[in-house]
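As structure tokens, the structure follows; a few thoughts come after it.
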Amino acid sequence: MISSSDGKRAIYIDSENKEEILTYLRQDNRHKKKFRFITDIILGGHKNTELYDKEEINDKCKGVTTMKFFKGQENDRIYCKEIYSNEGTFIIVTAILHERKKSSSLSSKEKVIINRVGGYEYEIQGKV
């Protein structure tokens with residue numbers, strides 16, 4: 312869990328996909344730096360749709376977003392779900408890693424992932 316300095320925003324990792332996501336993020340300094348850069352933007356309350364954007368393709372996937380890694384290169388994605396804790400903290404849960412997105416539009420595989428993440432319900436464990 313990573314939290315903003317004011318405690319109003321936090322980033323969590325889905326417990327079922329934790330190992331895959333952490334292995335991806337920790338594979339080298341390039342990936343670590345990109346993740347840190349994206350999370351700093353999010354936790355700072357800033358917007359940068361080139362790095363983090365909504366993927367709400369229908370009513371079933373409200374709150375689904377994606378972290379975009381290395382656009383124009385590997386074009387990897389971590390699909391996320393935005394929720395609020397009972398205390399009102401804005402939480403982004405990194406849910407599913409999707410490596411090597413191949414086109415600028417969404418493929419059927421990506422739509423399936425987005426809909427799956429949209430259906431996830433999270434119970435936040437630990438202090439926010």
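Last residue of the sequence shown: number 439 in my numbering, and the count goes up by one each step with no gaps.
Ideal Cβ positions, reconstructed from N, Cα and C, are used throughout, including at glycine.
If you're wondering where the values come from, they're calculated on a predicted model, not measured in any experiment.
Excluding the 5 residues preceding and the 5 following residue i in the sequence, name in chain order all residues of the same chain whose CB lies nearer than 6 Å to its CB.
i: N410; result: In the sequence on display, residue 410 carries Glu and not Asn. Cβ within range, chain order: D387.
Among the residues of its own chain, which have a CB less than 7 Å from the CB of residue i, if the five just before and after it don't count?
i: N359; result: I352
Rounded to a whole number of angstroms, what is the C-alpha to C-alpha distance between residue i and residue j?
i: E434; j: R347; result: 24 Å
i: K412; j: S315; result: 29 Å
i: G318; j: K382; result: 30 Å
i: K343; j: I368; result: 29 Å
Classify residue i: buried if its beta carbon has 16 or more other beta carbons within 10 angstroms, exposed otherwise.
i: G355; result: exposed
i: M378; result: buried
i: V423; result: exposed
i: K371; result: exposed
i: R341; result: exposed
i: F380; result: buried
Is DSSP giving residue i helix, strand or coil here?
i: R388; result: strand
i: T400; result: coil
i: L408; result: strand
i: Y431; result: coil
i: R341; result: helix
i: S419; result: helix
**OP:** Enumerate, from N- to C-terminal direction, the unbroken beta strand (DSSP E) stretches of 3 or more residues contained entirely within the stretch 343-382.
**Re:** Within the stretch 343-382, the beta strand (DSSP E) runs of at least 3 residues that lie entirely inside it are, in chain order, 363-365 and 375-380.
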